[in-house]
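>
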Amino acid sequence: MDILLGSIQWNEILMGGDPLIVGSQIAIGLTMLGILAGLTFFKKWSWLWREWLTTVDHKRIGIMYILAGVLMFFRGGMDGILMKVQTLTPEEKFLNAQHYNEIFTTHGVIMILFMAMPFLIGLMNVVIPLQIGARDVAFPQLNALSFWLFFVGAMLFNISFVIGGSPDAGWTAYFPLAGKEFSPGIGNNYYAVAIQIAGIGTLMTGINFIVTILKMRAKGMTLLKMPMFSWTSLITSIIIVAAFPIFTVALALMTFDRIFGTHFFTISGGGMDMMWVNLFWLWGHPEVYIVVLPAFGMFSEVIATFSRKSLFGYKSMVGSIVGIAFLSMLVWVHHFFTMGAGPAVNSIFSITTMMIAIPTGVKMFNWLFTMRKGRIQFTTAMLWALAFVPNFVIGGVTGVMLAMGAADYQYHNTLFLVAHFHYVLIPGVVFAVFAGLYYWWPKMFGHMLNEKLGKIHFWFFVIGFNLTFMPMFFLGLKGAVRRSYTFSVESGFAPLFLVSGIGAFILAIGFGAFCYNIYWSARYADRNISNDPWDARTLEWATATPVQHYNFAKVPEVKSLDAFWHMKKNKVSLDISEDELEEIHMPSNSGQPIIMASIIGVAGFFLVFEWKIAALIAAVGILVGLIVRSFDYNDGYHVHIDEIKKTESKWRKVTKGVNNNVG
Amino acid sequence: MKSKKGFLISFMALIPMLFLSGCDTHMVVFEPKGPAAREILGLINWSLVLMLLVVVVVFGLFGYIIWKYRDRPERKDYEPPEEHGSTALEITWTVIPILIVIALTIPTVKSIYNLEKVPKGYENKKPITINVTSADWKWIFSYPEQGIETVNYVNIPAGTPVKFKLTSAGTMQSFWVPALGGQKYTMNKMETQLYLTADKPGEFLGRNTNFNGRGYADMEFTVEAQSPQKFKKWIEEVKNTAPKLTEKKYESLLDPTHLGRLTFNGTHLAWVDHGKMDSKTYLNPEKYRVHGYQGQIFKDEDTSKNKNKKDEAMNMDGHSMDGMDMKGEKDGGGH
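Protein chains in written order, with this note's numbering: chain A, 1 to 663; chain B, 664 to 998.
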């Protein structure tokens, strides 16, 4: 055993001492037992395995991503609330410095990588194939593997605070601090390994969606007839493929440094800590656009639908996302103007950064003018899109202020910066996710989310958000720095920190309303809704709600932008005659992705604990998995015409004359 | 359906409220006490004017559009027109941001270059040099010309440009005195420079802004700008009264600890300048152990470990041989 796992101090593996952590351990343990007991009692194991764990259906994978996103939002939100409680009053003793450091680190990582990413990738999964008129993504089984790798990575990262210790060097994990020289605990091994596993999943998603969008569009859908969300997803996927490998390499080097004693980023042995900072932001900045571009796409869909107009300036919208994607790779130095790279470097990166404001401004005005002359319906989805505009403008203009290298010397690492990026990421991403969820929920589950609860969710969240982060701009200008677990009475920060803390609780109530809405709507919402409850414009609404597993009995032909809208205008019937039906070729479910990802998770866990031989043995399992996959000749099955007939007639009959929720 | 106006009003109401809650104290960035901070403030103010313009235009347009085109019962049958865009409008809102960006770029680049030099109006004054070394979790200031060293406070002559040479003994930090100017990173085996000048005598707070572990929150120091006479007197006083800085004492300063103010005769530059590429590395990984499972620590040849447990025990006996055999070999430089 000793050879396998090294010399283990068992008492150090399970974290103890802190009542918060022990409480969480007990809660996690009980929840796990509860879930296992429930599954056994209700005999749901085989259902779970058959319908969900082995599924390759893009819609179900999307739903699992979204559920994971909700879960991670809860975890990351708890971290945020704990931070806010700690800074509610000066010299608060609620958390100590070490605990606070761990919490802001996991808050950052979880919110970006395990909350924003799965929400967006989840919605992309659900919507993109439908929107382009495809029956699944290009590589369904790879898609399942992407999800399970993400999930395993997220879980591995999340157990850190109860098993072995959390990472505590910030979500940016700057060297030399994040190295063994200054963080000898294994917390940052979790960072290196868990994010790596999830990142590989994301990279494969990127490839998958590029191929899906380029190769699987419905007949007639040229690139410039593609809905905006499909466009932004395509560009996002391209950025993923361009940027994630940088992070993969950086994390691998970090792993070597931390676990095998190399000197890439250390201060001894000729390492170069600044190299980490550069590599991190070479990925990190494009990552911002990876999360924000799909969000822009969702806003475009929602705003067009509820203004009842087509998107204003479609071509300039496409041009500006391509422009943003291009510029996103050229601005990373603005995260460390203060490193002293010299005036020429700082000037150039100030200019490239400010240039991003140009295409973003174009998009902003295009959205505003989409609404002009429209008939704006204030559904919950639309409210999120509307709230995005002013809030994101505040994030945007403060971004321009930060982009000015010389001025950044005063803002850098202060709460001004923290306020700025929350004003970009929350309106830009979280509002979009909510808009998208309220909008596409019927597509996923066959019922709407409750509008009244949705509005409670909206108002609490938006007001809470502004109360939380607006004071931080002023705190930053007063000299309050980020990541500081406390502040003195004399600093004069107290009133603003108090307002900010109260805001966080209002924000949390908003999120609570959302969770309750999911529960309430699942139980009580009307199931008898039309396939097109919003009177929408794109192809995903041209099929059943919830969507049948093969998506389209017959893939519609696309003649213009907003294809479904024009089909409705021109009274093109969705009805299909029986002789048009053909058998549909669909991919088979597979247990390989989840098994493979689990083995990778186990190998990752051993690597985190530096039990190298055990990790090596588990790695053999990965190799075996790859070999098994190579000899897998299952190329799917055909859906029988009778089954198609039955499914189609069911939803087509129901749809006649059902209540439209809008209009 | 509830109108959008309510949202706007509540949103707008937040802003004055925040100003009110914040007005009892000052915003240090807006109260510059030296030419560098003033230069930056000028830039910030200019950007605020332009950004306010953007905010007013977008918010105004936003409010107008959602109010005017909202869905009302009498507009129930209104069918919005097919509209695909407008080249003239789209060109307008491309060109205007370009103009704004240009209007911001020119002063930004000018300031970036200005901040690297002795500030205007002080060119004829001979700058003094102070070496700043950040360590976990304290600031060490060396006066190479005067031959003294201070910890966690720095006295400078008012009206004289100070050239701070910044480096770090370990983790990366950021040296920031917001009243006097912007910040810059301190990095091990790397030297950055920052010119700061205080117009008048006064005391200013400085701190680290770059997170570097448990002791980060308290990593503050004070800058006291003194009249040149007082500064001279202080130097004399230190030279006469302060204890001599020994290599052993210096190495104990580098331990991850919090220290109060300290003053020494002599500087550590006599034996190590952390800003040099081939300088010695001082590491104490054992002292950074916190809770949780501990990983393997790698020993490096070029590393001078301050003390291990044995040495600590010896220190207590008062027969310290500290550092004698621990300095190890210098980095071969072959990297």
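C-beta: ideal position from N, C-alpha, C; glycine also.
Source: prediction; values computed, not measured.
Leaving out five residues before and five after L20(A) in sequence, what residues of the same chain have Cβ atoms less than 6 angstroms from its Cβ?
For the purposes of this step, residue 20(A) is taken as the residue at position 20 of the first sequence. Excluding residues within five positions, none has a Cβ falling inside 6 angstroms.
> Check whether the Cβ of L539(A) lies closer than 9 angstroms to any Cβ atom in chain B.
Translated into the one-based positions of the first sequence, residue 539(A) becomes position 539. For L539(A), the answer is no, since every Cβ of chain B falls outside 9 angstroms of its Cβ.
> In this structure, does DSSP put A798(B) in helix, strand or coil?
Here residue 798(B) is taken as the residue at index 135 of the second sequence, counted from 1. Three-state result, A798(B): strand.
> For V555(A) and M115(A), what's the separation of their Cα atoms in angstroms?
Locating residue 555(A) in the first sequence gives position 555, counting from the first residue. Locating residue 115(A) in the first sequence gives position 115, counting from the first residue. Their backbone Cα atoms lie some 33 angstroms apart in a straight line.
> For T248(A), which residues from the same chain have a beta carbon less than 8 angstroms from its beta carbon, with the 5 sequence-adjacent residues on both sides left out?
Working through the first sequence from its first residue, we reach residue 248(A) at position 248. Same-chain partners within the cutoff: Q196, G199, I200, L203.
> In angstroms with no decimal places, state the Cα-to-Cα distance between G271(A) and D136(A).
Counting from 1 along the first sequence, the entry for residue 271(A) is found at position 271. Counting from 1 along the first sequence, the entry for residue 136(A) is found at position 136. Rounded to the nearest angstrom, the two C-alpha atoms are 46 angstroms apart.
> Count the other CB atoms within 10 Å of the CB of I356(A); is the residue buried (16 or more) or exposed (fewer)?
Position 356 of the first sequence, counted from the start, is the residue given in the question as residue 356(A). By the neighbour-count rule (16 or more Cβ atoms within 10 Å), I356(A) is buried.
> Which first and last residues belong to the beta strand (DSSP E) in which R870(B) is found?
Looking up residue 870(B) in the second sequence gives position 207. Residues 865-871.
> Leaving out five residues on either side along the sequence, give the residues of the same chain with a beta carbon under 7 angstroms from the beta carbon of S230(A).
Along the first sequence, one-based indexing puts residue 230(A) at 230. Closer than 7 angstroms at the Cβ level, and outside the excluded window around S230(A), lie I128, Q131, I132, I213.
> Beta-carbon of K970(B) versus every beta-carbon of chain A: anything under 9 angstroms?
Against the second sequence, residue 970(B) aligns to sequence position 307. Reliability fails at K970(B), whose pLDDT of 43 lies under 50, so the model's placement of it is uncertain and the value that follows must be treated cautiously. So, not an interface residue.
> Could you check whether the Cβ of Q196(A) sits closer than 9 angstroms to any Cβ belonging to chain B?
To locate residue 196(A), count along the first sequence from 1; it is residue 196. Not an interface residue.
> What's the C-alpha gap between D799(B) and T834(B)?
For the purposes of this step, residue 799(B) is taken as residue 136 along the second sequence, with counting starting at 1. For the purposes of this step, residue 834(B) is taken as residue 171 along the second sequence, with counting starting at 1. Each residue's alpha carbon lies about 7 angstroms from the other.
> Applying the 10 Å Cβ sphere with the 16-neighbour rule, what's the burial state of F564(A)?
Taking the first sequence and counting its residues from 1, one reaches residue 564(A) at position 564. By the neighbour-count rule (16 or more Cβ atoms within 10 Å), F564(A) is buried.
> Quick one: grab the DSSP three-state call for P782(B).
Reading the second sequence from its first residue, position 119 is the one you call residue 782(B). Residue state, collapsed to three classes: coil.
> Does the pairing of the segment 404-424 of chain A with the segment 94-114 of chain A give three or more beta-carbon distances under 8 angstroms?
Because the criterion of three Cβ pairs below 8 angstroms is not met, the segment 404-424 of chain A and the segment 94-114 of chain A do not touch.
> Please work out which residues of its chain come closer than 6 angstroms, Cβ to Cβ, to V886(B), disregarding the five sequence neighbours upstream and downstream, and give them in chain order.
Position 223 of the second sequence, counted from the first residue, corresponds to residue 886(B). V817, V840, F867, G869.
> Among L39(A), P90(A), M567(A), I235(A), which has the Cα closest to the Cα of P495(A)?
Here the question's residue 495(A) lines up with position 495 in the first sequence. Nearest option by C-alpha distance: P90(A).
> Does the beta-carbon distance from V277(A) to F175(A) come in below 9 angstroms?
Stepping through the first sequence from its first residue, residue 277(A) is reached at position 277. Stepping through the first sequence from its first residue, residue 175(A) is reached at position 175. Against a cut-off of 9 angstroms, the Cβ pair of F175(A) and V277(A) comes out as a contact.
> Starting from the C-beta of L539(A), find all residues in its chain whose C-beta is less than 6 angstroms away, skip the five residues before and the five after it, and write them out in chain order.
Numbered from 1 along the first sequence, position 539 holds the residue referred to as residue 539(A). Taken in chain order, the residues that qualify are Q131, G133, A563, F564.
> Taking Cβ-Cβ distances below 7 angstroms as the criterion, which residues of the segment 182-213 of chain A are in contact with chain B?
Correct list: F182, S183, P184, G185, I186, G187, N189.
> Around the Cβ of M882(B), are there at least 16 other Cβ atoms within 10 angstroms (buried) or fewer (exposed)?
Against the second sequence, residue 882(B) aligns to sequence position 219. Burial call: buried.
> Output, in chain order, the set of chain C residues within a Cβ distance shorter than 8 angstroms of M111(A).
As a matter of chain content, chain C is missing from the structure shown, whose protein chains are A and B.
> Would L767(B) pass as an interface residue toward chain A - the criterion being a Cβ-Cβ separation below 9 angstroms?
Stepping through the second sequence from its first residue, residue 767(B) is reached at position 104. By this cut-off, L767(B) is an interface position.
> Contact between the segment 163-179 of chain A and the segment 250-266 of chain A: three or more CB pairs below 8 angstroms?
Contact holds: three or more Cβ-Cβ distances are below 8 angstroms.
> Answer yes or no: does any C-beta atom of chain A fall closer than 9 angstroms to that of M989(B)?
Looking up residue 989(B) in the second sequence gives position 326. Note that M989(B) has pLDDT 36, beneath the 50 cutoff, so the model's placement of it is unreliable and the number below is only indicative. Answer no: the Cβ-Cβ gap between M989(B) and chain A never drops below 9 angstroms.
> Using 8 angstroms as the cut-off, can you tell me whether the segment 798-815 of chain B makes contact with the segment 438-453 of chain A, which would need three or more C-beta pairs spanning the two stretches below that distance?
Verdict: no, contact absent.
> Is it right to say P593(A) is buried, meaning 16 or more other beta carbons lie within 10 angstroms of its own, or is it exposed?
Taking the first residue of the first sequence as 1, we reach residue 593(A) at position 593. It counts as buried.
> Here's the rule: buried if 16 or more other CB atoms are within 10 angstroms of the residue's CB, otherwise exposed. What is F365(A)?
Here residue 365(A) is taken as the residue at index 365 of the first sequence, counted from 1. Its Cβ being crowded by 16 or more others within 10 Å, F365(A) is buried.
> If you run the structure through DSSP and keep just helix, strand and coil, what is N928(B)?
Locating residue 928(B) in the second sequence gives position 265, where the first residue counts as 1. Strand at N928(B).
> Buried or exposed: which applies to V558(A), given that a residue is buried once 16 or more other Cβ atoms fall within 10 Å of its Cβ?
Within the first sequence, numbered from 1, the residue matching residue 558(A) stands at position 558. When all chains shown are included, V558(A) counts as buried.
> Is I159(A) close to chain B, meaning its C-beta is less than 9 angstroms from at least one C-beta of that chain?
Here residue 159(A) is taken as the residue at index 159 of the first sequence, counted from 1. No, because no Cβ of chain B sits closer than 9 angstroms to the Cβ of I159(A).
> Is there a C-beta anywhere in chain A that falls below 9 angstroms from the one on V781(B)?
Locating residue 781(B) in the second sequence gives position 118, counting from the first residue. Taking Cβ atoms only, chain A never reaches closer than 9 angstroms to V781(B), which makes this a no.
> Measuring only the C-alpha atoms, how far is L626(A) from M155(A)?
Taking the first sequence and counting its residues from 1, the one referred to as residue 626(A) is at position 626. Taking the first sequence and counting its residues from 1, the one referred to as residue 155(A) is at position 155. Using only the alpha carbons, I get a separation of about 22 angstroms.
> Rank F151(A), F609(A), Y637(A) by C-alpha distance to the C-alpha of P184(A) and give the top, closest one.
As a first step, residue 184(A) is located in the first sequence; it is residue number 184 there, counting from the start. Nearest option by C-alpha distance: F609(A).
> For the segment 612-622 of chain A against the segment 217-230 of chain A, are there 3 or more C-beta pairs whose distance is under 8 angstroms?
In short, these stretches do not touch, since the Cβ pair count stays below three.
> Compute the distance between the beta-carbons of V331(A) and F349(A), then report whether it is under 9 angstroms.
Within the first sequence, residue 331(A) is the residue found at index 331, counting from 1. Within the first sequence, residue 349(A) is the residue found at index 349, counting from 1. In this structure, F349(A) lies closer than 9 angstroms to V331(A) by Cβ.
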